[in-house]
Amino acid sequence: MDSRNPGQAALSRLAGSRVVQGAILVVLFSLLPLQDAAAHDPGLSSLTIRQRTNGLEATLTLAVRDAAQVVELDEDHNGIVTQAEFAQTRSQLETAVVRQLFIAPDDRVAKPQSVRSRLDENNNVELRLDFGATIFSSLEIQSKLIASLPLGHRQYLQIQNSTGQTIFERLLSATTDRATVQVPHIDASTVALEAVRSFTNFLCLGVKHILTGYDHLLFLFGLLLVARGFFSSLGIITSFTIAHSITLAVATLHLVQIPSRIVEPLIAASIVFVGIENLLRGDIPAARRMVAFGFGLIHGFGFASALREAGIGSGTGGILLPLFSFNLGVELGQIMVAAVALPIIWKLRENPMFIARWAPACSAAVVLLGSFWFVQRVWMT
Numbered sequence: 002m003d004s005r006n007p008g009q010a011a012l013s014r015l016a017g018s019r020v021v022q023g024a025i026l027v028v029l030f031s032l033l034p035l036q037d038a039a040a041h042d043p044g045l046s047s048l049t050i051r052q053r054t055n056g057l058e059a060t061l062t063l064a065v066r067d068a069a070q071v072v073e074l075d076e077d078h079n080g081i082v083t084q085a086e087f088a089q090t091r092s093q094l095e096t097a098v099v100r101q102l103f104i105a106p107d108d109r110v111a112k113p114q115s116v117r118s119r120l121d122e123n124n125n126v127e128l129r130l131d132f133g134a135t136i137f138s139s140l141e142i143q144s145k146l147i148a149s150l151p152l153g154h155r156q157y158l159q160i161q162n163s164t165g166q167t168i169f170e171r172l173l174s175a176t177t178d179r180a181t182v183q184v185p186h187i188d189a190s191t192v193a194l195e196a197v198r199s200f201t202n203f204l205c206l207g208v209k210h211i212l213t214g215y216d217h218l219l220f221l222f223g224l225l226l227v228a229r230g231f232f233s234s235l236g237i238i239t240s241f242t243i244a245h246s247i248t249l250a251v252a253t254l255h256l257v258q259i260p261s262r263i264v265e266p267l268i269a270a271s272i273v274f275v276g277i278e279n280l281l282r283g284d285i286p287a288a289r290r291m292v293a294f295g296f297g298l299i300h301g302f303g304f305a306s307a308l309r310e311a312g313i314g315s316g317t318g319g320i321l322l323p324l325f326s327f328n329l330g331v332e333l334g335q336i337m338v339a340a341v342a343l344p345i346i347w348k349l350r351e352n353p354m355f356i357a358r359w360a361p362a363c364s365a366a367v368v369l370l371g372s373f374w375f376v377q378r379v380w381m382t
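Here the sequence shown stands for residues 2 to 382, numbered as in our numbering.
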């Protein structure tokens with residue numbers, strides 16, 4: 002029997018219960034970090050290796066928070082990696098990946114010829130590594146990068162052949178970061194056949210692009226409308242060809258990039274300029290060649306958009322063969338158009354009425370169409 006009075010006994014029981022409750026809370030709070038660690042997603046990245054007829058390509062995709070474990074991407078430490086921050090640190094990330102990702106065809110470690118990276122709209126970091134062409138029967142991959150990522154991280158490895166068929170899949174981890182696969186042999190005739198097929202496809206794409214590129218054709222028509230003869234026309238076409246070939250190459254190789262929202266209105270403006278110049282000055286051969294060359298540089302960036310849509314220049318394979326064959330296709334398309342249009346224009350120019358009335362009317366139509374496209378591309382798109 003408790004010798005204390007009822008009030009003292011109640012206070013004692015209350016104090017005891019508070020001690021027990023406090024001990025329980027301490028235990029619960031001490032378990033919170035363990036609970037958070039258990040709930041933390043260790044992450045999953047992907048590594049896709051593709052065979053190409055003219056090379057080997059590896060694409061590594063990481064969540065931005067995982068990429069930030071490899072190098073410091075969040076410079077202001079606010080928990081968000083912006084495009085500006087990524088642009089400043091991307092070279093460090095690319096270097097780190099090259100040092101920790103090993104791809105060895107037939108036991109010979111390959112060195113990437115180029116590395117590109119980007120931060121996409123889904124907050125993922127994508128790195129593309131392009132390797133030179135080689136024929137091999139086995140491929141060994143080791144991703145030491147996983148050891149730099151959170152404990153338990155997994156990397157999905159996928160190997161595809163030149164036709165896009167998956168021939169090997171595996172989940173890699175920090176403890177099993179290596180895989181070896183036997184690759185079906187592709188003989189030289191198959192490689193040559195696929196190269197010919199690629200050449201033909203991009204040649205046809207170039208021809209189709211110029212024949213359906215009404216703004217490019219109208220620009221050429223405006224230039225040739227007042228040309229007085231074969232050599233004047235040849236000089237104009239040659240100047241235009243040289244200029245757009247230059248910018249097509251530099252844009253595809255990512256040496257210079259101009260957004261389409263700027264290029265497309267400038268192409269329309271070039272058409273307006275040519276039409277107005279026809280009305281005011283007519284044909285001055287040297288000046289026309291300069292105009293063709295200057296605006297040809299702009300049109301080359303427009304041609305490059307067709308190659309970008311086909312995935313050329315984004316790391317999905319070789320660049321030189323598609324670039325050459327596409328540009329050749331554009332030139333063939335121009336020659337086809339010129340071969341049809343120029344004899345008609347030269348024949349019409351033999352009629353004084355055409356020079357006096359119809360040629361200015363055609364130039365006015367060029368100005369109107371170019372103005373419409375300019376307004377549409379600036380304010381209506």
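From the three backbone atoms N, C-alpha and C, an ideal C-beta is built for every residue, glycine too.
So the beta strand (DSSP E) ILE160 belongs to, where does it begin and stop? 155-161
Can you say whether TRP374 is buried or exposed, counting buried as having 16 or more other CB atoms within 10 angstroms of its CB? buried
Nonlocal neighbours in the same chain, by C-beta distance under 6 Å from ASN124, ignoring five residues either side: VAL65
For the alpha helix (DSSP H) that VAL70 lies in, which residues bound it at each end? Per the sequence shown, residue 70 should be read as Gln rather than Val. Counting along the chain, the alpha helix (DSSP H) containing GLN70 begins and ends at 65-71.
Does the separation of the CB atoms of GLY330 and VAL251 fall below 7 Å? no
Cα-Cα separation between LYS112 and LEU212, rounded to whole angstroms: 41 Å
Using CA coordinates, which residue listed in GLU73, VAL98, ASN79, ILE104 is at the minimum distance from GLN89? GLU73
Closest by C-alpha distance to HIS210, when choosing among ASP108, ALA305, ILE247: ALA305
State buried or exposed for GLN84, treating a residue as buried only when at least 16 other CB atoms are found within 10 Å of its CB. exposed
Could you pull the DSSP bridge partners for ILE142 from this structure? ILE104, ALA180
Would you check if there are 3 or more beta carbon pairs closer than 8 Å linking the segment 337-347 to the segment 222-232? yes
Tell me whether the segment 238-250 and the segment 293-309 touch, counting them as touching only if at least three CB pairs, one residue from each stretch, are closer than 8 Å. The segment 238-250 is in contact with the segment 293-309.
Indicate the three-state DSSP secondary structure (helix, strand or coil) for PHE169 in the structure shown. strand
Do you know offhand how far CYS205's Cα is from ILE160's? Approximately 30 Å between the Cα atoms of the pair.
May I ask you to report which of helix, strand or coil DSSP gives GLY282? As written in the sequence, residue 282 is Arg, which differs from the Gly given in the question. Here ARG282 sits in coil by DSSP.
Measure the C-alpha to C-alpha separation of THR248 and THR201 and round it to an integer number of angstroms. 22 Å
Helix or strand or just coil, what does DSSP make of ALA340? helix
I want to know whether the segment 267-285 touches the segment 321-330 - three or more CB-CB distances under 8 Å. no
Anticipated Cβ contact below 8 Å, SER364 with GLY276, distance rounded: A Cβ-Cβ distance of about 5 Å is found for the pair SER364 and GLY276, placing them in contact under the 8 Å criterion.
May I ask which residues mark the beginning and end of the beta strand (DSSP E) holding THR49? 45-53 is the extent of the beta strand (DSSP E) around THR49.
Residue interval of the alpha helix (DSSP H) (run including ASP131): Segment 125-132 is the beta strand (DSSP E) holding ASP131; no alpha helix (DSSP H) there.
Who are the near neighbours of ILE25 in its chain, counting only those whose CB is closer than 6 Å to its CB and skipping five residues on each side? Bear in mind that a pLDDT of 40 at ILE25, under 50, signals an unreliable position, so the model cannot answer this.
For SER234, which residues of its own chain have a beta-carbon under 8 Å away from its beta-carbon, when the five flanking residues on both sides are left out? LEU225, ALA228, ALA339, LEU343
Is THR444 helix, strand or coil by DSSP? Residue 444 lies beyond the range of the chain shown here (2 to 382); nothing can be said about it.
Under the three-state DSSP convention, the category ARG289 falls into: helix
Comparing C-alpha positions only, which one of ALA105, ALA196, GLN70 sits nearest to HIS154? Residue GLN70 holds the alpha-carbon nearest to the alpha-carbon of HIS154 among ALA105, ALA196, GLN70.
Use the C-beta contact count for GLN52: other C-beta atoms within 10 angstroms, 16 or more gives buried, fewer gives exposed. buried
Measuring only the C-alpha atoms, how far is PHE30 from VAL82? With a pLDDT of 36 at PHE30, under the threshold of 50, the modelled position of this residue cannot be trusted, and the question is left open.
Can you give me the C-alpha to C-alpha distance between THR239 and ALA287, rounded to a whole angstrom? Pairing THR239 with ALA287, the inter-Cα distance amounts to about 12 Å.
Let me check understanding here. Comparing Cα to Cα, which of SER46, ILE104, LEU120, THR62 lies closest to ASP75? LEU120
Nearest-angstrom Cα separation, counted from VAL379 out to ALA360: About 29 Å.
Hey, would you say ALA180 sits closer than 7 Å to VAL126, going by beta carbons? no
Mapping DSSP to helix, strand and coil, what is LEU120? strand
To which residues of the same chain is LEU140 closer than 6 Å at the C-beta, ignoring the five residues directly before and after it? PRO106, VAL182, VAL184
Which residues does DSSP pair with SER306 in a beta bridge? Bridge partners of SER306: none, in fact.
What are the boundary residues of the alpha helix (DSSP H) that includes VAL379? First-last for VAL379: undefined, no H or E at that position.
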